[in-house]
Amino acid sequence: MSKIAILADSSCDFTPERAQKAGFSVVPLQVAFEDGSVYRDGIDLTSEEFFKKLAASKQLPKTSQPTIETWMDAMKQFADYDDIIVITVSGKVSGSLSGASMARRMLREEEEFQPNIHLIDSMTASGAVAGFALEAVRMVREGCRAQEILNRLLYLQNHLAVYFIFDSLEYLRKGGRIGKATALAGKVMGIKPLLTFFEGEPKNVDKVRGVQAGCKKLVEGFLRHAADLHHVMVISSCAPERVEMITRMLQTHISDIAITYVEIGAVIGTYVGPGGIALVYEEKEARW
2 MSKIAILADS SCDFTPERAQ KAGFSVVPLQ VAFEDGSVYR DGIDLTSEEF
52 FKKLAASKQL PKTSQPTIET WMDAMKQFAD YDDIIVITVS GKVSGSLSGA
102 SMARRMLREE EEFQPNIHLI DSMTASGAVA GFALEAVRMV REGCRAQEIL
152 NRLLYLQNHL AVYFIFDSLE YLRKGGRIGK ATALAGKVMG IKPLLTFFEG
202 EPKNVDKVRG VQAGCKKLVE GFLRHAADLH HVMVISSCAP ERVEMITRML
252 QTHISDIAIT YVEIGAVIGT YVGPGGIALV YEEKEARW
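In my numbering, the protein residues as written are 2 to 289.
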């Protein structure tokens, strides 16, 4: 049986410890605040610590992809493996994928480095990236070959969905991920924007008035489109009351539903801000 390692960048919002228990490894991105402090995502500060620091900061922190050296070091840990599958945040919103690609190129020039390195652009972010990694781990444990796993992950690129309700789009705007006009639309009359990733980029697909209506909208979408109604991931950014709300809604419809909870970390939290809630699930139909 081939030895296959799974790596994901920290946009997956799994801490290294949680990822290790799940069966994959995490490569950290970084976040830098205006006071000059730099933190490795998921390692140097918790989600709670990050959002406290974000609230006290006058400027939006800057995020950066893993360095090429960091990627190389992570890959070298699996030098005795046959294959390494690397899963990154969408290449359209981060340079993480390009950094991993450069690391692969440099390692290929080292004759003693034998594993095949496969790069997967998740075309998404946060817990949805973890969804790719968890599926890859499941297939590894079932004895699937690397190509079978890669084919499945390519399928998930346009079937694994994440739907976010944001308190505000200002964090995305300040971070340069959306335009000013889109952000301003979310301020009108308490309207909450509903976003997803479409072809690798965040896209505003709907709007709701109020958080409760937003959670209801997310659950309705899950019930209509999910390929498996008994598994879902709930993502939040410093919003425990919203997690409770959407959990109750989900369990009202599917009493035995298995829910994976993910708390957004520093890098994704920089663009989401506090108060966000999201669902991740595989959809029955292709998304594009």
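From the three backbone atoms N, C-alpha and C, an ideal C-beta is built for every residue, glycine too.
Three-way DSSP call (helix, strand, coil) for Gly274 in this model: coil
Quick test of the definition: if touching needs 3 or more C-beta pairs under 8 Å, does the region 264-284 touch the region 8-25? yes
Quick check: what's the CA-CA separation for Leu135 versus Gly37? 35 Å
Do Ile118 and Ile88 have their beta-carbon atoms positioned less than 8 Å apart in this structure? no
Inter-residue Cα distance where the pair is His254 and Gln115: Cα to Cα, His254 sits roughly 49 Å from Gln115.
Every unbroken alpha helix (DSSP H) within the region 53-80, with a cutoff of 4 residues, ordered by chain: 69-77
Proximity winner among Asn152, Val163, Ile44, relative to Ala129 (alpha-carbon distances): Minimum Cα distance to Ala129 is reached at Val163.
Taking only three categories from DSSP, how would you classify Ala182? Confidence at Ala182 is low in this model, with a pLDDT of 44, below 50, so its placement is unreliable and the value that follows should be read with caution. Ala182 falls in the helix class under three-state DSSP.
Suppose you measure from the CA of Asp45 to the CA of Lys22; what does that come to, to the nearest Å? Using only the alpha carbons, I get a separation of about 19 Å.
Taking DSSP's pairing of strands, which residues face Val209 in a bridge? Answer is Lys193, bridged to Val209.
Reduced DSSP secondary structure (H/G/I, E/B, other) of Ile44: coil
When burial is assigned at 16 or more other CB atoms within 10 Å of the CB, is Ala182 buried or exposed? For Ala182, the predicted model reports a pLDDT of 44, less than 50, meaning its position is unreliable; a value from the coordinates is still stated below. Its Cβ having fewer than 16 others within 10 Å, Ala182 is exposed.
Within a Cβ cutoff of 8 Å, which residues of the same chain sit near Asn159, ignoring the five residues on either side of it in sequence? Met124, Ala287, Arg288, Trp289
Out of curiosity, what's the CA-to-CA distance linking Ser237 and Lys204? Within the model, the alpha-carbon separation for Ser237 versus Lys204 is close to 18 Å.
Going by CA-CA distance only, name the one from Pro67, Gly100, Lys54, Ala126 that's closest to Leu30. Comparing Cα-Cα distances from Leu30 to each of Pro67, Gly100, Lys54, Ala126, the minimum goes to Pro67.
Pull up the CB-CB distance for Val235 and Leu280, whole angstroms please, since I reckon it's below 8 Å. The pair is a contact, with the Cβ atoms about 6 Å apart (cut-off 8 Å).
What is the DSSP secondary structure of Lys93, reduced to helix, strand or coil? coil
Which residues does DSSP pair with Phe198 in a beta bridge? Pro203
Just reading off the beta strand (DSSP E) that Ser264 is part of, what are its end residues? According to the sequence provided, residue 264 is Glu. The question's Ser does not apply to it. 259-264 is the extent of the beta strand (DSSP E) around Glu264.
Could I get the ranges of all uninterrupted beta strand (DSSP E) runs contained in the region 91-164, with 3 residues as the minimum, in chain order? Within the region 91-164, the complete beta strand (DSSP E) runs of at least 3 residues fall at 117-122.
In whole angstroms, what is the alpha-carbon distance linking Leu108 and Ala214? 50 Å
6 Å CB neighbourhood of Asp207 in its chain, flanking five on each side removed: The residues are Leu195.
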